[in-house]
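One structure below.
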Ligand SMILES: *[C@@H]1O[C@H](CO)[C@@H](O)[C@H](O)[C@H]1NC(C)=O
Ligand SMILES: *[C@@H]1O[C@H](CO)[C@@H](O)[C@H](O)[C@H]1NC(C)=O
Ligand SMILES: *[C@@H]1O[C@H](CO)[C@@H](O)[C@H](O)[C@H]1NC(C)=O
């Protein structure tokens, strides 16, 4: 049993405080925001689900239709503020990992004449990106810029899956039509996670008469639906960041 002066004790304290900070941060950030449920779209556009993404003040609204013919579709509205008014915002699915490399990205920015555009990028390396086809069929895409905020609308063919990796990002500048690299702050590096497309069926509750009296938080609200993702994002983000800073 290590005593309080034992080196192992200090190590354990350090590790547990990192875990505690990560846990508190991941609990606080979605509770502080929970904004997406109040965001609305013009022209009666609406989505079944939304998530306050855990970093970069970004939001994702989405409807996944696994029964769509001929293929399942994912409709999204991604809302984010670029790092500067002449910057860009991006949202991506990554079929291989929750990471930048491999991202099939939609990037929105303003053209020299001021009109907003959204283009697709297959991010296969660090370094300058160029517009290209992506591995998901893009049925629709458009973007709007207003009051400093971009919204990317898109409808993609996304094969039947319970969850997909998603990555989002914001950058400060676009040069000759090419979005320039984003900063490498903790938030910029942690902006990735899982998007739960289909809610896992809840396990059958154990027949426990006393538990009926205590109301449990519903797993069903659009914010709570993503809390698992937020938790993982927060914990891995911070642990990742602390490893990064070593
Ligand atoms: C702005 O420039 C783009 C690219 O050159 C062009 O496609 C678009 O039509 C222009 N928009 C306006 C409103 O002039
Ligand atoms: C994306 O880039 C990777 C690596 O260059 C390539 O293997 C893949 O075929 C590309 N995907 C598409 C849809 O072009
Ligand atoms: C999305 O919303 C629909 C309708 O409210 C709900 O049935 C579904 O379970 C939600 N999906 C997720 C992943 O939360």
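Residue numbers (the working numbering): 38 to 283.
Cβ atoms here follow ideal geometry from the backbone N, Cα and C, with glycine treated the same way.
Note that the coordinates shown come from a computational prediction; the quantities given were computed from them, not determined experimentally.
{"query": "Please identify the residue among 88, 124, 73 whose C-alpha is closest to the C-alpha of residue 208.", "result": "124"}
{"query": "State the start and end residues of the unbroken alpha helix (DSSP H) segment that holds residue 150.", "result": "Careful: residue 150 lies outside any alpha helix (DSSP H) and carries neither H nor E."}
{"query": "Please state whether the Cβ-Cβ distance between residue 129 and residue 95 is less than 7 Å.", "result": "no"}
{"query": "Quick one: is residue 39 buried, meaning 16 or more other Cβ sit within 10 Å of its Cβ, or exposed?", "result": "No answer about residue 39 holds up, because its pLDDT of 46 lies below 50 and its placement is not dependable."}
{"query": "Taking the alpha-carbon positions, what's the residue 149 to residue 210 distance?", "result": "12 Å"}
{"query": "Could you give the distance in angstroms between the alpha-carbon of residue 114 and the alpha-carbon of residue 163?", "result": "26 Å"}
{"query": "For residue 217, is the beta carbon positioned less than 6 Å from some heavy atom of ligand 1?", "result": "no"}
{"query": "Tell me which residues share the same chain as residue 171 and place their Cβ nearer than 6 Å to its Cβ, disregarding the 5 neighbours each side in the sequence.", "result": "141, 157, 159"}
{"query": "Run through the region 198-236 for me and flag every whole beta strand (DSSP E) of 3 or more residues, listed as ranges in chain order.", "result": "200-208, 229-233"}
{"query": "Are the region 80-87 and the region 169-188 in contact at 8 Å, needing three or more beta carbon pairs?", "result": "no"}
{"query": "Quick check on residue 75: does DSSP put it in helix, strand or coil?", "result": "helix"}
{"query": "From residue 147 to residue 153, what does the alpha carbon distance come to, in whole angstroms?", "result": "4 Å"}
{"query": "How many angstroms separate the CA atom of residue 179 from the CA atom of residue 192?", "result": "10 Å"}
{"query": "Take residue 203 and list the residues in its own chain whose beta-carbon comes closer than 8 Å to its own, dropping the five residues that flank it on each side.", "result": "97, 128, 129, 130, 131, 135, 229, 230, 231, 232"}
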